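In full-length UniProt numbering, the protein residues as written are 1 to 55.
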């Protein structure tokens, strides 16, 4: 599928971006949630504080 890349087909490129976009948006919100949980838990224990420093 990925062996032949034709970037000159604008309609196909737009279609592919629209397919990938929701997955990327979901990933951003998930990663933000994980970061917020890690930051919040860092005040509760020394282990969590060290884990936060490694992010």
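C-beta: ideal position from N, C-alpha, C; glycine also. Just so we're clear, the structure is a prediction, and the values are computed from it rather than from any experiment.
Coarse secondary structure for residue i, derived from DSSP in three states
i, result
"residue 9", "coil"
"residue 60", "The requested residue 60 is not part of the displayed model; the chain covers only 1 to 55."
"residue 42", "coil"
Rounded distance between the beta-carbons of residue j and residue i, thought under 8 Å
i, j, result
"residue 19", "residue 13", "With a Cβ gap of about 11 Å, residue 19 and residue 13 do not count as contacting."
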